[in-house]
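Peer 1: Residue numbers (my numbering): 9 to 413.
Idealized CB from N, CA, C, for every residue including glycine.
#1: Below 8 Å on the Cβ atoms is my guess for residue 476 versus residue 350; work out the distance and round it to an integer in Å.
#2: From 224, 228, 218, 142, pick the residue whose C-alpha is nearest to that of residue 202; which is it?
#3: What are the residues that DSSP puts in a beta bridge with residue 179?
#4: DSSP three-state label for residue 215, please.
#5: Could you tell me which of 280, 240, 174, 258 sits nearest to residue 143, measuring between CA atoms?
#6: Report the partner residues of residue 262 according to the DSSP bridge assignment.
#7: Quick one: what does DSSP say residue 377 is sitting in, helix, strand or coil?
#8: Enumerate in chain order the residues of its own chain whose CB-to-CB distance from residue 298 is below 8 Å, with the five nearest sequence positions on each side excluded.
#9: Rank 194, 314, 148 by C-alpha distance to the C-alpha of residue 221 and give the top, closest one.
#10: Measuring alpha carbon to alpha carbon, tell me which of 301, 275, 240, 372 ends up nearest residue 392.
#11: I'd like to confirm the pairing. Which residues does DSSP put opposite residue 232 in its beta bridges?
#12: Count the other CB atoms within 10 Å of the CB of residue 342; is the residue buried (16 or more) or exposed (fewer)?
#13: For the alpha helix (DSSP H) that contains residue 244, what are its first and last residues?
#14: I'd like the span of the beta strand (DSSP E) that includes residue 205, first residue to last.
#15: Just the C-alpha distance for residue 167 and residue 266, rounded to the nearest angstrom, thanks.
#16: Tell me the residue span of the beta strand (DSSP E) that contains residue 329.
#17: Please state the DSSP three-state secondary structure of residue 118.
#18: Among the candidates 252, 307, 286, 257, whose CA atom is the shortest distance from the CA of residue 279?
#19: Please classify residue 316: does DSSP put it in a helix, a strand, or coil?
#20: Relative to the C-alpha of residue 322, which candidate in 147, 200, 132, 264 has its C-alpha closest?
#21: Would you decide whether residue 215 is buried or exposed? Buried here means 16 or more other CB atoms lie within 10 Å of its CB.
#22: For the beta strand (DSSP E) that contains residue 303, what are its first and last residues?
#23: So what does DSSP say about residue 220, is it helix, strand or coil?
#24: Taking the alpha-carbon positions, what's the residue 406 to residue 257 distance?
#25: Just confirm the distance between the C-beta atoms of residue 8 and residue 206, as a whole number of angstroms; I'd bet it's less than 8 Å.
#26: What are the start and end residues of each continuous alpha helix (DSSP H) run of 4 or more residues lying completely inside the segment 353–407, in chain order?
#27: Could you compute how far the alpha carbon of residue 288 sits from the alpha carbon of residue 273?
#28: Within this structure, are the beta carbons of residue 113 and residue 241 separated by less than 7 Å?
#29: Would residue 302 be called buried (16 or more neighbouring beta carbons within 10 Å of its own) or exposed?
#30: Can you find the residues in the same chain that come closer than 8 Å, C-beta to C-beta, to residue 328, ignoring five residues on each side of it along the sequence?
#31: If you compare alpha carbons, which of 147, 118, 224 is closest to residue 103?
#32: From residue 304 to residue 243, what does the alpha carbon distance come to, in whole angstroms?
#33: Starting from the Cα of residue 210, find the closest Cα among 181, 388, 192, 225 and give me that residue.
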């Protein structure tokens with residue numbers, strides 16, 4: 009993948025847009041602003057009074073407290089996560105006037121930075137509740153339908169665990185080939201049938217845009233759990249939550265995405281969410297699976313600094329977050345193209361010698377050889393912590409769309 013001189017130069021780069029000095033400041037050595045900035049109140053949420061020493065975020069007060077759980081810990085250190093609500097202060101009751109009640113979650117384009125701050129505050133409180141009491145009856149009597157047209161281990165299990173932790177029930181439909189779909193039933197009919205029994209539907213489908221189609225016909229909230237090579241919004245939310253928890257902030261970071269950026273829906277959603285912050289994004293991939301041009305153009309219009317490479321060595325030293333994805337074999341129409349790019353990148357302990365000590369390695373999983381198992385013991389390997397963060401984010405989302413947060 010290297011050019012003849014042995015060095016990798018950017019295939020293209022997009023300079024910072026005019027009128028955005030904040031990005032320049034973020035990369036000029038100044039510390040980034042807290043990602044809690046610009047927070048707002050939702051519904052009837054009221055903030056509990058906190059001591060004057062507490063860290064203040066606009067309209068919500070958070071305090072720096074040690075975490076009693078293992079998520080975010082590095083060996084021999086205090087927990088990496090420092091931003092957690094002092095005490096649960098969300099009412100966790102009927103919030104049917106809140107903005108997300110009854111809403112479907114289809115794309116990360118639906119979220120503002122203020123929305124993200126609120127979601128992450130709710131996720132913090134969900135984590136505290138799980139640590140203290142395990143399960144609680146916030147969604148008692150509510151039913152979730154897990155409708156998966158594609159195989160899933162983590163996302164399906166995560167939503168099931170999230171609903172059951174909140175006291176709700178789950179209708180699992182993970183073997184679609186045995187359902188009425190195998191008889192030729194359309195997606196709209198399947199959705200309209202399931203919502204007769206459920207209060208919220210989580211949908212994974214191989215066709216891009218399927219979740220948006222389902223939401224048009226549904227009377228109940230639909231949550232996109234991945235639509236082909238399109239988006240995976242809940243994965244992107246938990247990815248961003250992971251970055252905040254592990255590195256304390258998002259502004260000022262350099263995020264490098266590595267692997268299959270063409271078919272990997274997780275990087276499409278994450279790149280769009282990151283555009284709400286002052287970040288730099290590097291894309292490292294073979295040409296055939298490069299980040300889609302429309303996404304690069306979309307971020308370019310927002311003034312996000314971007315650069316493309318074929319060699320990780322060209323940008324690893326500046327990277328704060330290394331986001332690795334597998335080559336999506338099932339998306340290739342031409343098997344020969346897959347054979348050309350499989351195994352293009354493998355992260356090993358030797359690779360990480362050139363990386364920052366405080367860099368984190370993330371992966372949406374499953375991995376199929378792109379990160380060696382020897383990396384798992386490195387404190388920078390965050391991908392299993394990333395999975396646990398996802399539980400709390402999905403608990404927050406379910407509570408919000410069902411009018412309980």
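Peer 2: This is what the structure gives:
#1: Missing from the structure shown is residue 476; the chain here goes from 9 to 413 and no further.
#2: The residue with the shortest Cα to Cα distance from residue 202 is 228.
#3: Answer is 153, bridged to residue 179.
#4: Coil, per DSSP.
#5: Ranking 280, 240, 174, 258 by CA distance to the CA of residue 143 puts 174 first.
#6: Answer is 288.
#7: Three-state result, residue 377: coil.
#8: The answer, listed in chain order, is 19, 269, 270, 291, 316.
#9: Per the Cα distances, 194.
#10: Out of 301, 275, 240, 372, 372 has the C-alpha closest to the C-alpha of residue 392.
#11: According to DSSP, which records beta bridges pairwise, residue 232 is partnered with 211.
#12: Within 10 angstroms of the beta-carbon of residue 342 lie fewer than 16 other beta-carbons, which makes it exposed.
#13: Following the DSSP letters along the chain, one finds residue 244 inside the alpha helix (DSSP H) bounded by residues 241–255.
#14: Going by DSSP, residue 205 is part of no beta strand (DSSP E) at all; its letter is neither H nor E.
#15: The alpha-carbon separation between residue 167 and residue 266 amounts to approximately 27 Å.
#16: Its beta strand (DSSP E) spans residues 329–332.
#17: Of the three classes helix, strand and coil, the one that applies to residue 118 here is helix, per DSSP.
#18: Closest by alpha carbon: 307.
#19: Assigned with DSSP and collapsed to three states, residue 316 falls in strand.
#20: The shortest C-alpha separation from residue 322 is found at 264.
#21: The residue in question, residue 215, is exposed, as its Cβ has fewer than 16 Cβ neighbours within 10 Å.
#22: Premise fails: residue 303 lies in the alpha helix (DSSP H), 301–309, not in any beta strand (DSSP E).
#23: DSSP places residue 220 in helix when its eight states are reduced to three.
#24: The straight-line gap from Cα to Cα measures roughly 25 Å.
#25: It is not possible to answer for residue 8, since the shown part of the chain is limited to 9 through 413.
#26: Runs found: 357–360.
#27: A direct Cα-Cα distance of roughly 19 Å separates residue 288 from residue 273.
#28: For residue 113 and residue 241, yes; Cβs fall inside 7 Å.
#29: By the neighbour-count rule (16 or more Cβ atoms within 10 Å), residue 302 is not buried but exposed.
#30: The answer, listed in chain order, is 255, 261, 262, 263, 364, 366, 367, 368.
#31: The option with the nearest alpha carbon to residue 103 is 147.
#32: Straight through space, the alpha carbons of residue 243 and residue 304 are spaced by roughly 20 Å.
#33: Scanning 181, 388, 192, 225 for the CA closest to the CA of residue 210 turns up 181.
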